[in-house]
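Worksheet: one structure, shown below.
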Amino acid sequence: MIVADQKPINEILGMLERYDKVLFVGCQTCVAVCMAGGEKETGVLASLVRLARQKAGQPIEIDEAAIQRQCEEEFIEPLEADGYQAILSLGCGVGVNKLADHFGIPVLPGLNTGFMGHIEEHGVWAETCAGCGDCVLHRTGGICPVVRCAKSLMNGPCGGYTDDGLCESGTGAPCAWIAIYKRLKELGLLESMTETSPPKDWSKDRFSGPRTRVREDVRL
Amino acid sequence: MQNNVTPDETETFEPKIIAFCCHYCAFAAADLAGTMRLQYPPNIHIIRLPCTGKVDALYLLKAFEEGADGVMVAGCEEGSCHFTNGNLRAKKRVHHVRDQLEQTGIEGERLEMFNLSSAMGSRFAEIAHLMTDRIRKLGPLFGNESAN
Ligand code: SF4
Ligand code: SF4
Chain A
100 MIVADQKPIN EILGMLERYD KVLFVGCQTC VAVCMAGGEK ETGVLASLVR LARQKAGQPI
160 EIDEAAIQRQ CEEEFIEPLE ADGYQAILSL GCGVGVNKLA DHFGIPVLPG LNTGFMGHIE
220 EHGVWAETCA GCGDCVLHRT GGICPVVRCA KSLMNGPCGG YTDDGLCESG TGAPCAWIAI
280 YKRLKELGLL ESMTETSPPK DWSKDRFSGP RTRVREDVRL
Chain B
21 MQNNVTPDET ETFEPKIIAF CCHYCAFAAA DLAGTMRLQY PPNIHIIRLP CTGKVDALYL
81 LKAFEEGADG VMVAGCEEGS CHFTNGNLRA KKRVHHVRDQ LEQTGIEGER LEMFNLSSAM
141 GSRFAEIAHL MTDRIRKLGP LFGNESAN
């Protein structure tokens, strides 16, 4: 899922300063699961903003909505934004982009979108894939070296890991390549450690510009 | 009335305080306070919850939005929650909402969590006085913006 975090309340209040009638739109998919921008978080944020503005003597009218997915036109379509000066989206960045394309009024981001990740435990999310476009997990025992190795090494480890197996970057994270070694050993696939990976095709990564995927067979 | 001495506003202001109380301890303590004929301010409006673990940020904020000047959450003592750790979860949520309120310019002291057992009727009355006095001093949540 896409993992995001709510922006600091003061930043949000700053973005809303010039408006007094705004629609808050939550998204019921990834950001609802990571408890950043679902229906409930939208309600909590709207409540806080109304209280803050009332306290500052500048009341604001906020209506709340939450749609299934802000990244899909068919879910955005039924949303009415007439009469609002702006929309505050609690979707991920994709949702904000999409709402901004759709509506002719300013759409503001309520979240800072972070990463693609998984739920480690209730209340803890961790990054697991960077969407590099050229997956190598078959060679690394299902542990992503792009994300989990600080240097995104394809032929690790770098040799800088600490005695207790932590990455030398000092983040406190375990060395990805030690984890890869252990996993491959468990799987009886250690010999793949001896194969040198060819240079990775980074042209499929996002740094080569925005990516588009087309499947002609399913286009209408 | 006839004289021109304005009574201290903080003394005449009657705050509205919502108290989210858990069924097994705080609510029972409030009940006991009544049975013991203890006086406590009528400013406290109790909402009974099965456990303070039911407390949600939205309940707390909505209480303020709907006109409360103060909100308290009262649960079992730490370590003796009827549902093991609902009160500890409530504590974290209360702290989180307090932080957020403070960031928006609203006094965090308007929101407080208390822990007491079902046998503590007099403690309930004491807490009711404490919260009422505190909120009375802070003044109404809204209505004095121009003075800020
Ligand atoms: S190698 Fe690339 S696609 Fe595979 S998990 Fe890592 S970032 Fe994602
Ligand atoms: S210590 Fe391990 S995880 Fe850190 S940069 Fe080196 S190989 Fe990558």
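Going line by line, the protein sequences match chains A and B. For the first sequence, the working numbering begins at 100 and goes up steadily by one. For the second sequence, the working numbering begins at 21 and goes up steadily by one. Positions of the beta carbon are idealized from the N, C-alpha and C atoms, including for glycine.
On a Cα-Cα basis, can you pick out the residue from A/ILE186, A/ALA135, A/TYR280 and A/LEU187 that is closest to A/PHE214?
As a first step, residue 214 of chain A must be located in the first sequence, where it is residue number 115. With distances taken between Cα atoms, A/PHE214 lies closest to A/ALA135.
For ligand 1, is there any heavy atom lying closer than 7 Å to the beta carbon of A/VAL102?
Counting from one through the first sequence, the residue named residue 102 of chain A turns up at place 3. A/VAL102 has its Cβ no nearer than 7 Å to any heavy atom of ligand 1.
Based on Cα-Cα distance, which residue from B/PHE144, B/GLU34 and B/LEU131 lies nearest to B/GLN59?
In the second sequence, residue 59 of chain B corresponds to position 39, counting from 1. Checked all of B/PHE144, B/GLU34 and B/LEU131; the closest Cα to B/GLN59 is B/PHE144.
Do you know offhand how far A/LEU368's Cα is from A/ALA185's?
Past the edges of chain A, shown from 100 to 319, lies residue 368 of chain A, and the structure says nothing about it.
Is A/PRO298 helix, strand or coil when you go by DSSP?
Counting from 1 along the first sequence, the entry for residue 298 of chain A is found at position 199. Note: A/PRO298 maps to coil in three-state DSSP.
Under 8 Å by Cβ, that's how I've got B/LEU150 and B/CYS45 pegged, so tell me the actual separation to the nearest angstrom.
On the second sequence, residue 150 of chain B is found 130 positions in, with the first residue counted as 1. On the second sequence, residue 45 of chain B is found 25 positions in, with the first residue counted as 1. Going by Cβ atoms, the distance from B/LEU150 to B/CYS45 rounds to 17 Å, so no, they are not a contact pair.
Does the beta-carbon distance from A/LYS154 to B/ILE147 come in below 8 Å?
The sequence position of residue 154 of chain A within the first sequence is 55, counting from 1. The sequence position of residue 147 of chain B within the second sequence is 127, counting from 1. Not in contact: A/LYS154 and B/ILE147 (Cβ atoms no closer than 8 Å).
Any heavy atom of ligand 3 closer than 7 Å to the CB of A/LYS284?
For the structure depicted, ligand 3 is absent and the ligand set comprises only ligand 1 and ligand 2.
Check whether the segment 163–176 of chain A touches the segment 194–210 of chain A, counting contact only when three or more Cβ pairs, one atom from each stretch, lie closer than 8 Å.
yes
Can you give me the start and stop residues for the alpha helix (DSSP H) that A/PRO244 sits inside?
Taking the first sequence and counting its residues from 1, one reaches residue 244 of chain A at position 145. 244–247 is the extent of the alpha helix (DSSP H) around A/PRO244.
Which chain A residues sit within Cβ distance under 7 Å of B/ILE77?
Stepping through the second sequence from its first residue, residue 77 of chain B is reached at position 57. Here the sequence assigns Ala to residue 77 of chain B, which means Ile is not the residue at that position. Per Cβ cutoff of 7 Å: VAL143.
Closest to B/GLY99 by C-alpha separation, out of B/LEU81, B/VAL91 and B/LYS111, would be which residue?
Stepping through the second sequence from its first residue, residue 99 of chain B is reached at position 79. For the options B/LEU81, B/VAL91 and B/LYS111, the alpha carbon positioned closest to that of B/GLY99 is the one of B/LYS111.
Say whether chain B places a C-beta atom closer than 8 Å to the C-beta of A/LEU236.
For the purposes of this step, residue 236 of chain A is identified with residue 137 of the first sequence, where counting begins at 1. No, because no Cβ of chain B sits closer than 8 Å to the Cβ of A/LEU236.
For the beta strand (DSSP E) holding A/HIS217, just list the boundary residues, first then last.
Residue 217 of chain A sits at position 118 when you count from the first residue of the first sequence. Segment 210–220, the beta strand (DSSP E) holding A/HIS217.
Work out the CA separation of A/GLU179 and A/HIS201 for me, nearest whole Å.
As a first step, residue 201 of chain A must be located in the first sequence, where it is residue number 102. As a first step, residue 179 of chain A must be located in the first sequence, where it is residue number 80. Computed Cα separation, rounded: 11 Å.
Which whole-angstrom value describes the C-beta separation of B/ALA176 and B/PHE134, a residue pair presumed to lie in contact below a C-beta threshold of 8 Å?
With chain B represented from 21 up to 168, any question about residue 176 of chain B goes unanswered, as that position is not in the structure.
Give a yes or no on whether 8 Å exceeds the smallest Cβ distance from B/ILE38 to chain A.
Reading the second sequence from its first residue, position 18 is the one you call residue 38 of chain B. No, no contact with chain A.
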